Amino acid sequence: MRTARREAAEEIDRIRKEAAEQVERAERRAATEIAHAQRESAAQVSAAQSERDLAVQRAADAERATERAEQAAMERIEAANEAREEWRRVRAELDTARTELAEIRRTAAADLAAVRAEAAATIEKARTEAAHRIEALDEARTQTLARAERAEAQLDELLAESRRKPGTVTALDSRSGA
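With the numbering used here as the guide, the letters of the sequence shown map in order to residues 245 to 422.
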């Protein structure tokens with residue numbers, strides 16, 4: 245029995261060693277798998293955090309882009325409203341200018357008619373005065389011609405008388421070339 249006990253004790257030691265080795269191998273394998281699982285988990289967590297950070301960044305970028313788009317839309321709306329208001333103001337100014345132009349045209353037409361009438365009256369007056377002057381000039385010319393003819397007749401008589409009296413030379417004869 246001793247041998248059997250010894251053999252049983254050796255067998256128990258061997259089984260214990262094998263069991264300890266198996267436990268050690270299992271622990272190493274488990275530690276390796278745990279380390280591998282921890283690395284994978286850490287990588288997955290890191291990837292998830294990176295994706296989360298990227299998603300947060302994209303969300304922030306989208307928020308800023310939305311704000312810029314809203315601001316740009318508001319600015320465009322404001323610019324459109326200002327353009328409409330400017331168009332209304334210019335349209336009102338144009339209507340006012342058209343009204344003023346129509347009034348100026350009416351006034352100018354009336355002024356032109358008055359100036360034409362005044363000019364026609366002035367021309368008619370000038371024609372009448374010119375006709376009177378021409379008539380007066382014609383009368384003066386007629387009178388001057390009549391005087392000249394009388395003076396010439398008197399001169400002819402004087403010359404004829406002076407030729408009838410021999411030896412008398414008058415100043416008229418010397419001028420007339422006799």
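We put the CB at the ideal spot given by N, CA and C, even for glycine.
Source: prediction; values computed, not measured.
Take residue i and list the residues in its own chain whose beta-carbon comes closer than 7 angstroms to its own, dropping the five residues that flank it on each side.
{"i": "Val267", "result": "none"}
Using only the alpha-carbon positions, how far apart do residue i and residue j sit?
{"i": "Arg308", "j": "Ala291", "result": "25 angstroms"}
{"i": "Ser285", "j": "Ala279", "result": "9 angstroms"}
{"i": "Ala354", "j": "Glu344", "result": "15 angstroms"}
{"i": "Glu319", "j": "Ala346", "result": "40 angstroms"}
{"i": "Glu262", "j": "Gln288", "result": "37 angstroms"}
{"i": "Asp257", "j": "Asp297", "result": "57 angstroms"}
{"i": "Arg350", "j": "Asn325", "result": "37 angstroms"}
{"i": "Ala313", "j": "Trp331", "result": "26 angstroms"}
{"i": "Thr247", "j": "Ile259", "result": "17 angstroms"}
{"i": "Ala361", "j": "Arg385", "result": "35 angstroms"}
{"i": "Arg302", "j": "Glu311", "result": "14 angstroms"}
Identify the continuous alpha helix (DSSP H) that holds residue i and give its terminal residues.
{"i": "Lys369", "result": "Arg246 to Arg408"}
Is residue i near the ligand SAH, going by C-beta to nearest heavy atom under 8 angstroms?
{"i": "Glu295", "result": "Questions concerning the ligand SAH fall outside what the structure shown contains, since it holds no ligand whatsoever."}
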